[in-house]
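Remarks on the structure that follows.
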Amino acid sequence: MRSMAGRLILVDDRDRPVGTATKREGHLGRGKCHRATLTILFNGRGEILLGRRAKGKWLWPGWWDGTVAGHVEVGETYLSAARRRVREEVGVRVALRHRWTIRYRARWSGEAGENEMCAILVGRVRSLAPDPAEIDAVKAVAPSRLLRLRRLTPWLRIAWRRRPAGVIR
Numbered sequence: 046m047r048s049m050a051g052r053l054i055l056v057d058d059r060d061r062p063v064g065t066a067t068k069r070e071g072h073l074g075r076g077k078c079h080r081a082t083l084t085i086l087f088n089g090r091g092e093i094l095l096g097r098r099a100k101g102k103w104l105w106p107g108w109w110d111g112t113v114a115g116h117v118e119v120g121e122t123y124l125s126a127a128r129r130r131v132r133e134e135v136g137v138r139v140a141l142r143h144r145w146t147i148r149y150r151a152r153w154s155g156e157a158g159e160n161e162m163c164a165i166l167v168g169r170v171r172s173l174a175p176d177p178a179e180i181d182a183v184k185a186v187a188p189s190r191l192l193r194l195r196r197l198t199p200w201l202r203i204a205w206r207r208r209p210a211g212v213i214r
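Going by our numbering, the first residue of the sequence shown is number 46, and it counts up by one from there.
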């Protein structure tokens, strides 16, 4: 199983596994549909904690994103992958709830794009310790102001528009 570590889980439109790919293979061209997570963390005031993607990121560098975005690797569930990425990117352990899932595509360039089945998880935290290789800035935003921001990643914009009622409670 060790040789499968780090491989993305490719899925069909019903989220059934159909194979695996490297991260690069999953994003080249129009991308291959794979499992991903978007974790939106809220502070004690109910504000969304956004992370700005580090300049070294291949896709959407310098854009504002949910607190943590990541991929589900072989052997993981959506929840375990989100917990892993939250620890890696912002250095915290937090209770997360899987609230909804989106299927989306987004084109970055002629070379690459996103094609994901993306689980949206939410939680509350008091503080973050971002890894600067992943997130170079954090800001708190009132949920009512989120969609007014510029340079917001397409998956966050799509996810927020499709959110179910009561997400921020």
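Glycine is no exception: its CB is placed at the ideal position from the N, C-alpha and C atoms. This one's a predicted model, so the numbers in the text were calculated from it and none came from an experiment.
#### Entry: Segments assigned alpha helix (DSSP H), at least 4 residues, entirely inside the segment 111-191
123-135
### Query
When DSSP labels each residue in this structure, what does residue 99 get in the three-state scheme?
coil
### Query
Is residue 103 buried or exposed, if buried means 16 or more other CB atoms sit within 10 Å of its CB?
exposed
### Task
Please report how far the alpha carbon of residue 170 lies from the alpha carbon of residue 88, in whole angstroms.
5 Å
### Query
Start and end of the alpha helix (DSSP H) containing residue 210?
Looking at the DSSP string, residue 210 is not in any alpha helix (DSSP H), and its letter there is neither H nor E.
### Message
So, with DSSP's three-state summary, where would you put residue 47?
### Response
Because the pLDDT at residue 47 is just 39, under 50, the model does not fix this residue reliably, and the value given afterwards should be weighed accordingly. The answer is helix: DSSP assigns residue 47 an H, G or I state.
### Task
Tell whether a beta-carbon distance below 9 Å holds between residue 119 and residue 52.
yes
### Residue environment, residue 56, which counts as buried when at least 16 other CB atoms sit within 10 Å
buried
### Query
Mind checking residue 156: buried by the 16 CB within 10 Å criterion, or exposed?
exposed
### Query
Alpha carbon to alpha carbon, what distance is there between residue 177 and residue 64?
32 Å
### Query
Is it a yes or a no for the segment 182-202 touching the segment 91-107, going by three-plus beta-carbon pairs under 8 Å?
yes
### Query
Going by other Cβ atoms of all chains shown within 10 Å of its Cβ, with 16 needed for buried, is residue 130 buried or exposed?
buried
### Query
Less than 9 Å separating the beta-carbons of residue 186 and residue 86?
no
### Query
Is it right to say residue 175 is buried, meaning 16 or more other beta carbons lie within 10 angstroms of its own, or is it exposed?
buried
### Query
Among the residues of its own chain, which have a CB less than 7 Å from the CB of residue 58, if the five just before and after it don't count?
148
#### Entry: Euclidean distance between Cα positions of residue 116 and residue 126
7 Å
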